[in-house]
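Numbering (the working numbering), first residue to last: 12 to 180.
Don't be surprised by glycine CBs; every beta carbon is placed ideally from N, CA and C.
Reading through the structure tokens given below for one structure.
What follows is the structure in structure tokens.
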């Protein structure tokens, strides 16, 4: 199979996983919610490189549309694009998913998530933007934990190396 077709197919799969894990969320006040969909964005950045930007943005935006928070669809697409950047920067740099660098990237991406949604809330609602910071921080930590556990499992099982070989071969 053509390498581009493989990347497009896996991009669609990751967009669906981002969507699905974002839809499996815990509602919080003011119509927001906490989810671990970002863990799939982190993983897609390491597996797909720049294709992860599409998976992240599409999966997150469609999840917001399906969840009834359409006002966040565009901000989410932008923020999720941004949180993928650190992981895309590490694309093809290691034969393991879980490294010191990827763990540090979860912190950077978490800060982008918290800051990005704070700015979005300021633009959309002005008042009360600070109230969502704790929930966004919890979401970022949850996604980091899920990513670390998943990365460790995929590394130990040798799945990451095989997937990487399949996608790049």
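According to DSSP, is residue i part of a helix, a strand, or is it coil?
{"i": "residue 177", "result": "helix"}
{"i": "residue 12", "result": "coil"}
{"i": "residue 79", "result": "coil"}
{"i": "residue 169", "result": "coil"}
{"i": "residue 56", "result": "helix"}
{"i": "residue 188", "result": "Here the chain covers residues 12 to 180 and nothing more, so residue 188 does not appear."}
{"i": "residue 153", "result": "helix"}
{"i": "residue 126", "result": "helix"}
Excluding the 5 residues flanking residue i on each side, which residues of the same chain have their C-beta closer than 8 Å to its C-beta?
{"i": "residue 37", "result": "44, 45 and 46"}
{"i": "residue 133", "result": "140"}
{"i": "residue 17", "result": "177 and 178"}
{"i": "residue 159", "result": "109, 114 and 117"}
Suppose the cutoff is 6 Å on Cβ atoms and the five residues either side in sequence are ignored; what does the same chain contact list for residue i look like?
{"i": "residue 116", "result": "97 and 98"}
{"i": "residue 34", "result": "74"}
{"i": "residue 72", "result": "84, 87 and 88"}
{"i": "residue 26", "result": "66, 69 and 70"}
{"i": "residue 60", "result": "99 and 102"}
{"i": "residue 30", "result": "70, 73 and 74"}
Which residues share a DSSP beta bridge with residue i?
{"i": "residue 37", "result": "45"}
Please list, in chain order, all residues of the same chain as residue i whose beta carbon is under 7 Å from its beta carbon, the five residues on each side excluded.
{"i": "residue 10", "result": "Residue 10 lies beyond the residue range present for the chain, which begins at 12 and ends at 180; the question has no answer from this structure."}
{"i": "residue 135", "result": "82"}
{"i": "residue 147", "result": "124, 125 and 128"}
{"i": "residue 92", "result": "64, 67 and 68"}
{"i": "residue 163", "result": "109"}
Measure from the C-beta of residue i to each C-beta in chain C and report whether the shortest distance is under 9 Å.
{"i": "residue 75", "result": "Included in the structure is just one protein chain, with no chain C present."}
- [ ] Spell out a yes or no on whether the stretch 48-68 and the stretch 153-162 are touching, meaning 3 or more CB-CB pairs, one atom from each, closer than 8 Å.
- [x] Yes, they touch.
Task: the stretch 80-88 touching the stretch 101-117, judged by at least three CB pairs closer than 8 Å - done: At 8 Å Cβ cutoff, the stretches do not touch.
Task: Complete runs of the alpha helix (DSSP H) confined to the stretch 58-120 [at least 4 residues] - done: Segments of the alpha helix (DSSP H) lying fully in the stretch 58-120: 62-77 and 84-100.
Open item on the list: For the stretch 118-131 against the stretch 21-31, do three or more pairs of beta-carbon atoms, one drawn from each stretch, fall closer than 8 Å, so that the two count as touching?
Closed with: No: fewer than three Cβ pairs fall under 8 Å.
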